[in-house]
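Engineer: This note's numbering applies: residue 734 is where the sequence shown begins, and numbers increase by one.
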Amino acid sequence: MKQMKAVIFDMDGVISNTVPIQYETNLRLAKTLNISFSREWNQSLQGLSRRKTVEAMIEASSSTFTEDEVDEICNKKNYHYRELISQLTPRDAQPGIREFIQELANHKIPMVIASASQNASFVLSKLELLSFFQGVVDVTTLKRGKPDPEIFLKAADIVGVAPAECIALEDGEAGLTAILQTEMFSVGIGIEPFMKNADYYVESTSKLTLDGLEAVLNKHQRTIR
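So this is what it looks like as structure tokens:
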């Protein structure tokens, strides 16, 4: 069987329970733009960069802004978000994800973060999970954000593993779209219909186990340990 040598994680909604925080931050921006905002729209924005998120919300409004003004909106949005995530504790990790990460670590399987968030390392440190990861992709170095696969390919490069030997986990449509453009084994998480396009699909992180992942990989003539 083909050995899978690394696991790449999205963060928001996969490792951290920060999607509600993102919703609150985006809702605040929506109110200033005088547009309606829903949790469904918030979910569809998962995986996009801060600027792409702001630009999408501005586009839905009747407002126009200069580039400098958009930069200022992005900065204010991030300031508010940082205020909220500063209150995170290890209890804010997604259900079962700490145990799953620990299982991978016990088997010495390298793990990397491929998150669109520039605050990924800070969030992981608040959850006391940062030390488990061999690297976090620096999104400021990317030429293209999700749904382009660049971030996942860079994550594989961090640990020197070929994409075809990586497993990648996502809960956002943009991120899963990116993974599906690579040779990585994709894991979709959540109740969004698009997640079922992944090679392996679970409704919740609480369903993620090493044994369960291994069983599915075996059906694809692959193994992780």
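Using N, Cα and C, we set each Cβ at its ideal position, and we do this for glycine too.
Since the structure is predicted, the reported quantities are computational estimates derived from the model, not experimental observations.
State the beta-bridge partners of residue 814 as determined by DSSP.
Structural biologist: One-based indexing of the sequence shown puts residue 814 at position 81. According to DSSP, residue 814 bridges with nothing at all.
Engineer: Note down, in chain order, each residue of its chain lying with its Cβ closer than 8 Å to the Cβ of residue 758, except the 5 sequence neighbours on either side.
Structural biologist: Here residue 758 refers to the residue found at position 25 when the sequence shown is read from its first residue. So the list reads 810, 813, 814 and 817, once near-sequence residues are dropped.
Engineer: If I'm right that residue 884 touches residue 904 with Cβ under 8 Å, what's the distance once you round it to whole angstroms?
Structural biologist: Along the sequence shown, one-based indexing puts residue 884 at 151. Along the sequence shown, one-based indexing puts residue 904 at 171. Contact doesn't hold; Cβ gap of about 15 Å is too wide.
Engineer: Which term fits residue 800, buried or exposed, when burial requires 16 or more other beta carbons within 10 angstroms of its beta carbon?
Structural biologist: Within the sequence shown, residue 800 is the residue found at index 67, counting from 1. Its Cβ having fewer than 16 others within 10 Å, residue 800 is exposed.
Engineer: So, are the CB atoms of residue 927 and residue 900 less than 9 Å apart?
Structural biologist: By 1-based counting over the sequence shown, the position of residue 927 is 194. By 1-based counting over the sequence shown, the position of residue 900 is 167. No. Outside cutoff.
Engineer: Quick check on the DSSP output: the beta strand (DSSP E) that includes residue 921 runs from which residue to which?
Structural biologist: Start at 1 with the first residue of the sequence shown, and residue 921 comes out as number 188. Run containing residue 921: 918–922, per the beta strand (DSSP E) assignment.
Engineer: Between which two residues does the alpha helix (DSSP H) carrying residue 833 extend?
Structural biologist: Here the question's residue 833 lines up with position 100 in the sequence shown. Where residue 833 is concerned, the enclosing alpha helix (DSSP H) stretches over 830–839.
Engineer: Could you spell out the range, first to last residue, of the beta strand (DSSP E) harbouring residue 844?
Structural biologist: In the sequence shown, residue 844 corresponds to position 111, counting from 1. 844–846 is the extent of the beta strand (DSSP E) around residue 844.
Engineer: Can you tell me whether residue 735 is helix, strand or coil according to DSSP?
Structural biologist: The residue given as residue 735 occupies position 2 in the sequence shown. The answer is strand: DSSP assigns residue 735 an E or B state.
Engineer: Tell me the rounded alpha-carbon separation between residue 739 and residue 843.
Structural biologist: Locating residue 739 in the sequence shown gives position 6, where the first residue counts as 1. Locating residue 843 in the sequence shown gives position 110, where the first residue counts as 1. If you take the alpha carbons of residue 739 and residue 843, they lie about 5 Å apart.
Engineer: Whose C-alpha, out of 819, 840 and 755, is nearest the C-alpha of residue 944?
Structural biologist: Here residue 944 is taken as the residue at index 211 of the sequence shown, counted from 1. Comparing Cα positions, the closest option is 840.
Engineer: Using the rule of at least 16 other Cβ atoms within 10 Å of the residue's Cβ for burial, across every protein chain shown, is residue 896 buried or exposed?
Structural biologist: Locating residue 896 in the sequence shown gives position 163, where the first residue counts as 1. Answer is buried; the Cβ neighbour count reaches 16.
Engineer: Please report how far the alpha carbon of residue 766 lies from the alpha carbon of residue 856, in whole angstroms.
Structural biologist: In the sequence shown, counting from the first residue as 1, residue 766 sits at position 33. In the sequence shown, counting from the first residue as 1, residue 856 sits at position 123. Going by the C-alpha atoms only, they are around 28 Å apart.
Engineer: Apart from the five residues just before and just after residue 935, which ones in its own chain have a Cβ nearer than 7 Å to its Cβ?
Structural biologist: For the purposes of this step, residue 935 is taken as residue 202 along the sequence shown, with counting starting at 1. These residues qualify, in order along the chain: 922 and 941.
Engineer: If contacts are defined as beta-carbon pairs under 8 Å, then residue 754 and residue 790 qualify, I think. What distance do you get, rounded to the angstrom?
Structural biologist: To locate residue 754, count along the sequence shown from 1; it is residue 21. To locate residue 790, count along the sequence shown from 1; it is residue 57. The pair is not a contact, with the Cβ atoms about 16 Å apart (cut-off 8 Å).
Engineer: Which of helix, strand or coil does DSSP assign to residue 904?
Structural biologist: Stepping through the sequence shown from its first residue, residue 904 is reached at position 171. If DSSP states are grouped into helix, strand and coil, residue 904 belongs with coil.
Engineer: Are there three or more Cβ pairs, one per stretch, closer than 8 Å when the segment 744–754 is compared with the segment 818–833?
Structural biologist: They touch, by the three-pair rule.
Engineer: Short of 8 Å in beta carbon distance, which residues of its chain neighbour residue 747, apart from the five on each side in sequence? Order them along the chain.
Structural biologist: For the purposes of this step, residue 747 is identified with residue 14 of the sequence shown, where counting begins at 1. Answer for residue 747: 827, 830, 902, 903, 904, 922 and 938, listed in chain order.
Engineer: Need the endpoints of the alpha helix (DSSP H) that residue 752 sits in, please.
Structural biologist: In the sequence shown, counting from the first residue as 1, residue 752 sits at position 19. Per DSSP, residue 752 belongs to the alpha helix (DSSP H) from 752–766.
Engineer: Ignore the nearest five residues each way along the sequence and tell me which others in residue 807's own chain have a CB closer than 7 Å to its CB.
Structural biologist: Stepping through the sequence shown from its first residue, residue 807 is reached at position 74. Correct list, in chain order: 783, 784 and 787.
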